[in-house]
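J.: Let me give you the structure first, and then I'll get to my questions.
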Amino acid sequence: MEYAVSGKNASALKTDCLILPLDDKASLLPADLPAETVSQIRQLIKDGDFNGKRGQTLLIHHPAGLPARRLLMLGSGDLPLSSSAFLKLVGGAIQALKATGSRSIAWQLHADMVRDQDLIWQLREGTRAAADALYQFDECRSKPSPANALRSMTFIGAGSKAALQQAVREGEAIAAGVTLCRDLGNRPPNLCYPAYLTEQARALAKQYPQLKVSVISEQQAEKLGMGAFCAVARGSEREGQIIVMQYKGAKGAPVALVGKGITFDTGGISLKPGAAMDEMKYDMGGAASVFGTVKTVCELGLPIHLVAVVAAAENMPDGRASRPGDIVTTLSGQTVEILNTDAEGRLVLCDALTWVQQKHKPHTVIDIATLTGACVVALGSHAQAVFANDHELAKALLDAGDETADRGWPMPLWDDYQEQLDSPFADMANIGGPKAGSVTAACFLSRFTKEVKWAHLDIAGTAWVSAGKLKGATGRPVPLLTRYLMNLAG
Ligand code: BES
Ligand code: MN
Ligand code: ZN
């Protein structure tokens, strides 16, 4: 799909389908629309065929007075829209037009349509929302599903052409990152395992020469003293690997992203129940979002220094797997009693967090992980949990989430929770009991990030959709992370 901007009037633009967002009062009708078109639209409202309810669509063939072949009346609902309502509206229009023969479509922009957001925002995020709605994962079918006809989308709006086009380009770059994140998440766990993720990193480095990739093998990790990472990786035939991608678009200390890359989580010896276990292929969603973010950063050539680390392993039960009761020594020197092998995410992350601090001296570290089922209980699938040991960092991430409708919600990291991790035999246990499971998981990680500004995003509820037609990876939180980094770049 190609995305473009046009300063032409809707009444002059040749397109297969003109999309007009309209509320019940038709208050969004462009001023230049021919009188015949306006009266046709008003008639349809009067006749009760269209009421402007949010998301409603009415497709008209050969609309009166327009060069467009079709007109899609798109219910906007009450104005102005929230950011997320706008993105849903764009997605809904694309869904409705997928089924038509339209190749080219045009979206009529309105400066005041979205609360607190300007045209630049609408272009950038609208482009991303359209790309998101067009996403399909077909690579594992013997025959691909039938392609839709859509080829180009033009946004109609007035303003500095260069600025508007730049916004569309940014939207496309973010969409490319989201798409990569979704593809990696959806790819089945027999194909997508740690060494495969390493190949993906190498492929990215080939595409973007600014990117440098290095890998810590499981053997090297053992030698380095990553006892927690290796305790997880050990139980699988597939070698665990820590993948490091460095993008140096600026001098100075880097910002570090660390992704949980469990390519399949059986639970290990603390085996999970069978129901929906297939969804544990998404347990590398944090890693996938790190890859997607790196891709967008490279596409945009952001002037930042970024170190991205993926802790990739498969959590399997076999003869070498860790047992409940095992005690391991982490790279930090702290010891952990593994009371539940299903709490593996914090084990692979703690060593990656320590390593990136020792090696790269980042000013800020953000880890992203499908860490706890408890997070899904707490927040459902609308917001990711945001934990941070620094107020400004938390605010920057929450703001980035609000700006992109990829929202986070703040969670506590109070010391009061720490005692739940007490162990009679080691410095800490890897689980904190039934209460506040997502908080104690974050508390565990906080013990490895005391000397740096650090945030932890628990994306267990947001990284994928569980059931039904929409089942699959969402690409979250690539929009949040890329926004945060773009804001950092200034
Ligand atoms: N990957 C899971 C968390 C998860 C579960 C995410 C379900 C999304 C849906 C993680 O490794 C895990 O198993 N966590 C345990 C921790 C518990 C043993 C303390 C959990 O949440 O049950
Ligand atoms: Mn687990
Ligand atoms: Zn897991």
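All residue numbers for the sequence shown refer to our numbering, where the first residue is 610 and numbers rise by one.
Just so you know, even glycine gets a beta-carbon here, dropped at the ideal spot from N, CA and C.
So if DSSP puts H914 in a beta bridge, which residue, or which two residues, is it bridged to?
T.: K857
J.: Take C984 and list the residues in its own chain whose beta-carbon comes closer than 7 Å to its own, dropping the five residues that flank it on each side.
T.: Only A994, S1047, D1067, A1069 and G1070 meet the Cβ criterion.
J.: Identify whether C1052 lies in helix, strand or coil by the three-state DSSP scheme.
T.: helix
J.: Rounding to the nearest angstrom, what Cα-Cα distance links D741 and R733 in this structure?
T.: 13 Å
J.: Give the secondary structure of Q704 by DSSP, where H, G and I count as helix, E and B as strand, and everything else as coil.
T.: helix
J.: Please go through the same chain and pick out, in chain order, the residues whose beta-carbon is closer than 7 Å to the beta-carbon of A767, but skip the five residues on each side of it.
T.: G616
J.: Considering only the alpha carbon of each residue, which of P1086, T646 and D951 lies closest to D1011?
T.: Of the listed residues, the one whose Cα sits closest to D1011 is P1086.
J.: Sort S990, T902, I654 and M925 by Cα distance to S636 and report the nearest one.
T.: I654
J.: Quick one: complete alpha helix (DSSP H) runs, 4+ long, within the stretch 1042 to 1095?
T.: For the stretch 1042 to 1095, whole alpha helix (DSSP H) runs of length 4 or above, ordered along the chain, are 1046 to 1055.
J.: Could you tell me the distance, in whole angstroms, from the CA atom of P643 to the CA atom of E781?
T.: Roughly 33 Å separates the two Cα atoms.
J.: Name the residue from K890, L940, F900 and M835 whose alpha carbon lies nearest to the alpha carbon of I783.
T.: F900
J.: If we ignore side chains and look at the alpha-carbon of each, how far apart do D760 and L1089 end up?
T.: Reading off the sequence shown, one finds Arg at residue 760, where the question assumed Asp. Roughly 27 Å between the two C-alpha positions.
J.: Counting beta carbon pairs with one atom in the stretch 718 to 729 and one in the stretch 996 to 1007, are three or more of them shorter than 8 Å?
T.: no
J.: Under 8 Å: do the stretch 841 to 849 and the stretch 915 to 933 share three or more Cβ pairs, one atom per stretch?
T.: yes
J.: Hey, could you find the ends of the beta strand (DSSP E) A865 is sitting in?
T.: V864 to D874
J.: Can you tell which of L958, S879 and V723 has the C-alpha that lies nearest to the C-alpha of L980?
T.: Checked all of L958, S879 and V723; the closest Cα to L980 is L958.
J.: Just to confirm before moving on: does the CB-CB distance between Q943 and M1037 stay below 8 Å?
T.: yes
J.: Under a Cβ-count criterion, where at least 16 other Cβ atoms within 10 Å of its own Cβ denotes burial, should F1034 be classed as buried or exposed?
T.: Flag for F1034 reads exposed.
J.: Does any heavy atom of the ligand ZN sit closer than 7 Å to the C-beta of I871?
T.: yes
J.: Under 6 Å Cβ to Cβ from T763, same chain only, skipping five residues before and after it: list those, please.
T.: A613, S615 and A715
J.: In terms of residue numbering, what span does the beta strand (DSSP E) encompassing W716 cover?
T.: Segment S713 to Q717, the beta strand (DSSP E) holding W716.
J.: Are R679 and L668 touching if we call contact CB-CB under 8 Å?
T.: yes
J.: State the start and end residues of the unbroken alpha helix (DSSP H) segment that holds S898.
T.: S898 -> alpha helix (DSSP H) spans G894 to L909.
J.: Please give me, in chain order, every unbroken run of the beta strand (DSSP E) with length at least 3 that falls completely inside the stretch 775 to 821.
T.: Counting whole runs of 3 or more residues, the stretch 775 to 821 contains no beta strand (DSSP E) stretch at all.
J.: Would you call the stretch 902 to 914 in contact with the stretch 860 to 869, where contact means no fewer than 3 C-beta pairs closer than 8 Å?
T.: With a cut-off of 8 Å, the stretch 860 to 869 and the stretch 902 to 914 count as touching, because enough Cβ pairs lie within range.
J.: Can you list the alpha helix (DSSP H) stretches of 4 or more residues lying completely in the stretch 941 to 1014, in chain order?
T.: 954 to 969, 982 to 988 and 1000 to 1013
J.: Closer than 6 Å by C-beta to E645: which residues in its own chain qualify, once you throw out the five before and the five after it? Chain order, please.
T.: Cβ neighbours of E645 beyond the five flanking positions: A673 and G674.
J.: Return yes when the C-beta of E953 is under 7 Å from any heavy atom of the ligand MN, and no when it is not.
T.: yes
J.: Any heavy atom of the ligand MN closer than 7 Å to the Cβ of D935?
T.: no
J.: Looking at the secondary structure, which residues open and close the alpha helix (DSSP H) in which W730 lies?
T.: L728 to L743
J.: Would you please state the rounded distance, in angstroms, between the beta carbons of V919 and G868? I believe it to be under 8 Å.
T.: 5 Å
J.: When you compare each of K707, I936, A804 and T963 to R847 by their alpha carbons, which one comes out closest?
T.: A804
J.: Quick one: give me the first and last residue of the beta strand (DSSP E) that V723 is part of.
T.: Taken as a continuous stretch (DSSP letters only), V723 belongs to no beta strand (DSSP E), as it is neither H nor E.
J.: I'd like the list of long-range same chain contacts for L909, defined as Cβ closer than 6 Å, with 5 residues on each side in sequence excluded.
T.: A782
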